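Chemist:
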Amino acid sequence: MLFQPAIIALLLASLVGTLMVAASVPFAVRVMRRWDTASGSEAQLEMEKRTYLVSTLLVVVLLSELASLILFVFNADRMSSLFVGAMCAVGTLNVNDFGFPTLYLRIAVFFAASAWLVLNHVDSRGFDYPLVRVKYGALMALAPLMAAAAGVQLAYFLGLRADVIASCCSTLFSGATQVTSDKLAAIAPEASLAGLAVALILVMAAGRRALATGKGAVAYAVLSLVAFVVAMEAVVAAISVYVYELPHHHCPFCILKGEYGHVGYALYLPLFAAAVLGVGGGIAQPAASLASLAEAAPRIMRRCVGSSMAGFALFGAVALWLIVRSHLILIEPERLLSILGGQP
Amino acid sequence: MRGWLNKQRNLLDFSLSSLSRRRGKTLGMLAVYTAIVFLLASVMLFSHAIRREAATVLAKSPEVLVQRMVAGRHDLIPARHLDAIKGIRGVQSAEGRLWGYLFDPAAAANYTLMVPTNPRIEPGKVVIGDGVVRVRSADPGDLMSFRAHDGSLVQFKVESAISRDSALVSTDLFLVAEEDFRRLFGIAPGLFTDLAISVRNPREVTKIAEKIDAALPDTRIILRDEILRTYESVFDWREGMLLVLLAGSILAFAIFSWEKASGLSAEERREIGILKAVGWETGDVIRLKMLEGLVVSLSAFLVGYLLAYAHVFHFGAGLFEPVLKGWAVLYPKYKLAPFVDELQVATLFFFTVFPYTIATVVPIWRAAIVDPDTVMR
Numbered sequence: 001m002l003f004q005p006a007i008i009a010l011l012l013a014s015l016v017g018t019l020m021v022a023a024s025v026p027f028a029v030r031v032m033r034r035w036d037t038a039s040g041s042e043a044q045l046e047m048e049k050r051t052y053l054v055s056t057l058l059v060v061v062l063l064s065e066l067a068s069l070i071l072f073v074f075n076a077d078r079m080s081s082l083f084v085g086a087m088c089a090v091g092t093l094n095v096n097d098f099g100f101p102t103l104y105l106r107i108a109v110f111f112a113a114s115a116w117l118v119l120n121h122v123d124s125r126g127f128d129y130p131l132v133r134v135k136y137g138a139l140m141a142l143a144p145l146m147a148a149a150a151g152v153q154l155a156y157f158l159g160l161r162a163d164v165i166a167s168c169c170s171t172l173f174s175g176a177t178q179v180t181s182d183k184l185a186a187i188a189p190e191a192s193l194a195g196l197a198v199a200l201i202l203v204m205a206a207g208r209r210a211l212a213t214g215k216g217a218v219a220y221a222v223l224s225l226v227a228f229v230v231a232m233e234a235v236v237a238a239i240s241v242y243v244y245e246l247p248h249h250h251c252p253f254c255i256l257k258g259e260y261g262h263v264g265y266a267l268y269l270p271l272f273a274a275a276v277l278g279v280g281g282g283i284a285q286p287a288a289s290l291a292s293l294a295e296a297a298p299r300i301m302r303r304c305v306g307s308s309m310a311g312f313a314l315f316g317a318v319a320l321w322l323i324v325r326s327h328l329i330l331i332e333p334e335r336l337l338s339i340l341g342g343q344p
Numbered sequence: 001m002r003g004w005l006n007k008q009r010n011l012l013d014f015s016l017s018s019l020s021r022r023r024g025k026t027l028g029m030l031a032v033y034t035a036i037v038f039l040l041a042s043v044m045l046f047s048h049a050i051r052r053e054a055a056t057v058l059a060k061s062p063e064v065l066v067q068r069m070v071a072g073r074h075d076l077i078p079a080r081h082l083d084a085i086k087g088i089r090g091v092q093s094a095e096g097r098l099w100g101y102l103f104d105p106a107a108a109a110n111y112t113l114m115v116p117t118n119p120r121i122e123p124g125k126v127v128i129g130d131g132v133v134r135v136r137s138a139d140p141g142d143l144m145s146f147r148a149h150d151g152s153l154v155q156f157k158v159e160s161a162i163s164r165d166s167a168l169v170s171t172d173l174f175l176v177a178e179e180d181f182r183r184l185f186g187i188a189p190g191l192f193t194d195l196a197i198s199v200r201n202p203r204e205v206t207k208i209a210e211k212i213d214a215a216l217p218d219t220r221i222i223l224r225d226e227i228l229r230t231y232e233s234v235f236d237w238r239e240g241m242l243l244v245l246l247a248g249s250i251l252a253f254a255i256f257s258w259e260k261a262s263g264l265s266a267e268e269r270r271e272i273g274i275l276k277a278v279g280w281e282t283g284d285v286i287r288l289k290m291l292e293g294l295v296v297s298l299s300a301f302l303v304g305y306l307l308a309y310a311h312v313f314h315f316g317a318g319l320f321e322p323v324l325k326g327w328a329v330l331y332p333k334y335k336l337a338p339f340v341d342e343l344q345v346a347t348l349f350f351f352t353v354f355p356y357t358i359a360t361v362v363p364i365w366r367a368a369i370v371d372p373d374t375v376m377r
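Protein sequences appear in the order of chains A and B. Residue numbering for the first sequence follows UniProt numbering, starting at 1 and increasing by one per position. Residue numbering for the second sequence follows UniProt numbering, starting at 1 and increasing by one per position.
1. Does any C-beta atom of chain A lie closer than 8 angstroms to the C-beta of R200(B)?
2. Helix, strand or coil: which one does DSSP assign to I77(B)?
3. Using a Cβ cut-off of 9 angstroms, pull out every chain B residue sitting near L193(A), in sequence order please.
4. Looking at the C-beta of D236(B), does it have a partner C-beta in chain A at a distance below 8 angstroms?
5. Quick test of your reading: C304(A) and C88(A), contact by CB under 8 angstroms. State the CB separation rounded to the nearest angstrom.
6. Suppose the cutoff is 8 angstroms on Cβ atoms and the five residues either side in sequence are ignored; what does the same chain contact list for G186(B) look like?
7. Taking a cut of 7 angstroms between CB atoms, which residues from the region 45-69 of chain A lie near chain B?
8. Between which two residues does the beta strand (DSSP E) holding M144(B) run?
9. Going by DSSP, which residues form a beta bridge with Y111(B)?
10. Can you tell me where the beta strand (DSSP E) holding M69(B) begins and where it ends?
11. Strictly below 8 angstroms CB to CB, what residues from chain B border S81(A)?
12. Give a yes or no on whether 8 angstroms exceeds the smallest Cβ distance from N120(A) to chain B.
13. How should K289(B) be labelled, buried or exposed, when 16 other C-beta atoms within 10 angstroms of its C-beta is the threshold for buried?
14. In angstroms with no decimal places, state the Cα-to-Cα distance between V132(B) and R183(B).
15. On the criterion of 16 or more Cβ atoms from any shown chain inside 10 Å, does G207(A) qualify as buried, or is it exposed?
16. Could you work out which residues of chain B lie near S124(A), taking near to mean beta carbons separated by less than 8 angstroms?
17. Which chain B residues sit within Cβ distance under 7 angstroms of N75(A)?
18. Taking the alpha carbon of M79(A) as the reference point, which residue from M241(B), L228(B), L264(B) has its own alpha carbon closest?
19. Report the rounded CA-to-CA distance for A191(A) versus E259(A), giving the unit in angstroms.
20. What is the DSSP secondary structure of I329(A), counted as helix, strand or coil?
21. Going by Cα to Cα distance, which pick from R97(B), K86(B), Q344(B) is closest to F192(B)?
22. Is it buried or exposed, F103(B), if we count other Cβ atoms within 10 angstroms and call 16 or more buried?
23. Considering just the uninterrupted stretch of the alpha helix (DSSP H) at V95(A), what are its terminal residues?
24. Measuring straight from C-alpha to C-alpha, what distance separates L12(B) and L19(B)?
25. What residues are listed by DSSP as bridge partners for F192(B)?
26. Compare the C-beta of E239(B) against all C-beta atoms of chain A and say whether one is closer than 8 angstroms.
27. Assuming residue 378(B) and S15(B) make a contact with CB atoms under 8 angstroms, what is their CB distance in whole Å?
28. CA-CA distance, V179(A) and V353(B)?
29. Just mark S265(B) as buried or exposed, buried being the case when its beta carbon has 16 or more other beta carbons within 10 Å.
30. Using a Cβ distance threshold of 8 angstroms, determine whether the region 43-52 of chain A contacts the region 102-115 of chain A, with at least three qualifying pairs required.
31. Select from P355(B), M69(B), G3(B), I128(B) the residue whose C-alpha is nearest the C-alpha of D172(B).
32. Let me confirm a value: P355(B) is counted as buried when at least 16 other C-beta atoms fall within 10 Å, else exposed. Which label applies?
33. With burial defined as no fewer than 16 other Cβ atoms inside 10 Å of the residue's Cβ, what is the status of T177(A): buried or exposed?
34. If you check the beta carbons only, do A337(B) and A49(B) fall under 8 angstroms apart?
35. What did DSSP end up calling F46(B) once you bin it into helix, strand or coil?
36. Taking Cβ positions only, does Q153(A) come closer than 8 angstroms to chain B?
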């Protein structure tokens with residue numbers, strides 16, 4: 001199965017990326033031990049020059065990592081025609097035990113890599129390399145994560161065998177099998193949509209506070225992660241159902257397909273961007289206590305939080321549009337009224 | 001936001017003018033880059049288009065085929081098997097098919113003989129495919145004769161030729177009447193080559209296949225989905241093989257771009273030195289150089305992809321045809337339907353722009369950290 005162009009591209013990207021990050025680790029160790037801006041020694045100057053190389057390389061690598069997450073899901077969906085029983089990405093990812101771990105690790109790498117990029121960006125605004133130790137410490141944590149993602153992905157692709165019967169998303173998300181997503185689907189649509197609404201309102205309130213006072217961005221970061229999880233759950237439990245107009249089809253991947261106009265991308269791209277930018281705001285705020293970042297860090301924090309709020313708003317709007325345009329009535333108007341406290 | 005955009009615009013402006021100042025070097029790089037994109041894109045476009053062609057052709061074929069096996073070899077299937085299959089619930093229709101191959105010594109080519117049921121062909125007449133018309137230069141009204149299994153001559157009168165639109169499947173076709181087919185090969189009535197079964201509900205196909213397998217243990221059952229999957233795998237594999245073979249050229253390209261990016265002329269070094277002396281930071285120089293790389297990448301990608309598109313869909317992919325589609329005497333002449341796939345473009349981007357960018361990072365950094373006083377002295 002390795003001789004598939006997209007698989008080769010994904011393996012190439014993660015191999016090169018992991019090698020680059022791993023190759024920067026010795027330098028990161030040196031920075032952690034010997035970094036001293038006050039010193040004018042040859043070694044310190046050399047290190048300062050070297051940071052530019054490492055930053056540029058990592059920006060390229062991490063951006064490719066973000067792009068390959070999309071490519072990975074897209075490819076998984078496309079490959080479903082190769083496996084008996086698979087009808088969308090769920091089937092392909094279920095062909096062996098490494099499919100879903102690869103996806104989860106890739107999402108983890110996506111968040112970690114974006115957080116690192118924000119850190120790098122904040123650091124580059126200060127003239128005296130204020131966050132250099134934090135940055136390289138984070139890099140050392142990122143390296144094993146990326147290596148794990150690359151390794152699990154390789155295991156997944158090596159283990160892809162076309163004669164394995166995969167289960168389709170309908171058996172996984174609505175059958176009797178016990179998986180986490182199955183429990184997600186079991187949550188009542190009313191509850192999940194109400195949860196989503198509450199989470200989005202809280203996020204917006206926290207965002208407004210952070211924008212107005214310049215404080216509370218860390219709380220915003222936590223809230224945006226919570227909202228991300230709640231939103232994913234709402235997609236499985238209710239929003240996807242509205243898209244398919246089938247009460248028992250809860251699949252977070254089929255909405256990416258062309259049959260449904262690729263609406264999934266309109267949902268997921270703003271959602272992922274919003275969550276990641278929210279985390280970025282939480283990273284930028286504490287940096288404001290450093291003298292050289294006192295001016296730049298709050299500005300970056302405001303920009304991150306503002307774009308994150310826009311992302312969540314866009315996600316909410318798309319979700320609302322999908323529900324309104326759907327012909328499916330999942331929640332009867334009478335029940336909706338009684339929930340809201342009105343007369344049926 | 002406005003200020004940021006203006007800054008990027010000025011940077012882009014500067015990088016374009018600096019690229020045009022080194023016209024020879026830039027054009028050389030662009031040519032090699034375009035050639036690489038062209039090669040890879042041709043392979044991908046061609047294999048995708050041919051895969052789609054196969055899928056469209058197979059979409060109209062029956063859901064299930066049943067063939068009798070004797071000692072592991074395909075054998076003629078008796079008509080009584082049809083009754084057993086028709087009894088299975090969910091089977092919409094089942095019919096026996098007659099087909100085979102006929103070697104024509106005059107053309108040194110194999111024809112595919114088939115007996116169409118709708119519309120039927122009159123005995124003594126034949127409808128031929130485009131390829132057969134070509135090798136035999138046969139026109140409607142001409143006579144063609146072949147030796148039957150017992151040595152006697154069987155004569156056919158060409159009734160018409162099949163249009164070239166469906167050449168991929170019909171080029172070597174030779175459609176005859178059932179009586180002629182049986183006489184030519186000595187097949188007794190009541191025997192068929194295989195059975196074609198159509199099933200109304202696609203979700204029942206596997207269950208019906210299971211039931212047929214239980215009722216008729218001497219048969220082999222071929223599902224349309226399986227054929228599709230096999231085609232998909234085969235073409236993926238061929239495409240992947242070719243890409244792996246071309247990996248050498250990607251590597252060579254990466255080395256070439258590394259060389260080009262690191263071989264800075266004295267002029268360029270002085271330029272960077274001056275930029276830094278007037279207040280540019282290392283980060284700005286890196287950004288400028290990366291932007292230059294981006295301009296080259298995107299132009300090469302666009303031009304290479306368009307050239308590949310023209311190569312595959314307007315000039316029949318002359319360079320890769322033999323590898324990707326196989327070979328036969330009576331190969332169909334056909335034009336592929338143009339088709340561009342998003343995944344394929346993304347993959348191609350990873351294969352070309354990613355290696356180029358990675359290969360040029362270190363040389364760019366080397367150039368950007370030079371001290372102004374050492375180069376301007």
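Heads up, the beta-carbon is just placed ideally off N, CA and C, and yes, glycines get one too. Here the structure is a predicted model, which is why all the values come from computation and not from measurement.
Modeler: So, from the listed chains and residues:
1. Any Cβ of chain A closer than 8 angstroms to the Cβ of R200(B) would place that residue at the interface, and such an atom is absent.
2. strand
3. Going along chain B, no residue has its Cβ under 9 angstroms from L193(A), so there is no contact; the nearest lies around 31 angstroms.
4. yes
5. With 8 angstroms as the limit, C304(A) and C88(A) do not qualify as a contact, their Cβ atoms being about 33 angstroms apart.
6. A148, H149, D150
7. K49, Y52, L53, T56, L57, V60, S64
8. 143-147
9. L102(B)
10. 64-70
11. What S81(A) touches in chain B: L228, R229, E232.
12. Chain B, which has no Cβ nearer than 8 angstroms to the Cβ of N120(A), makes this no.
13. buried
14. 21 angstroms
15. buried
16. G283
17. L343
18. Looking at M241(B), L228(B), L264(B), the one whose alpha-carbon comes closest to that of M79(A) is L228(B).
19. 28 angstroms
20. coil
21. R97(B)
22. With fewer than 16 Cβ atoms within 10 Å of its Cβ, F103(B) is classed as exposed.
23. Premise fails: V95(A) is in no alpha helix (DSSP H) and is neither H nor E.
24. 10 angstroms
25. According to DSSP, residue pairing for F192(B) in a beta bridge involves I77(B).
26. yes
27. Chain B is shown only over 1 to 377; residue 378(B) falls outside these bounds and no answer can be derived.
28. Residue placement at V179(A) is flagged as unreliable, the pLDDT there being 45, under the threshold of 50; the coordinate-derived value follows with that caveat. Roughly 39 angstroms separates the two Cα atoms.
29. exposed
30. no
31. I128(B)
32. Its Cβ being crowded by 16 or more others within 10 Å, P355(B) is buried.
33. Residue placement at T177(A) cannot be trusted, given a pLDDT of 42 that sits under 50; the coordinates are not used to answer.
34. yes
35. It is helical.
36. So, not an interface residue.
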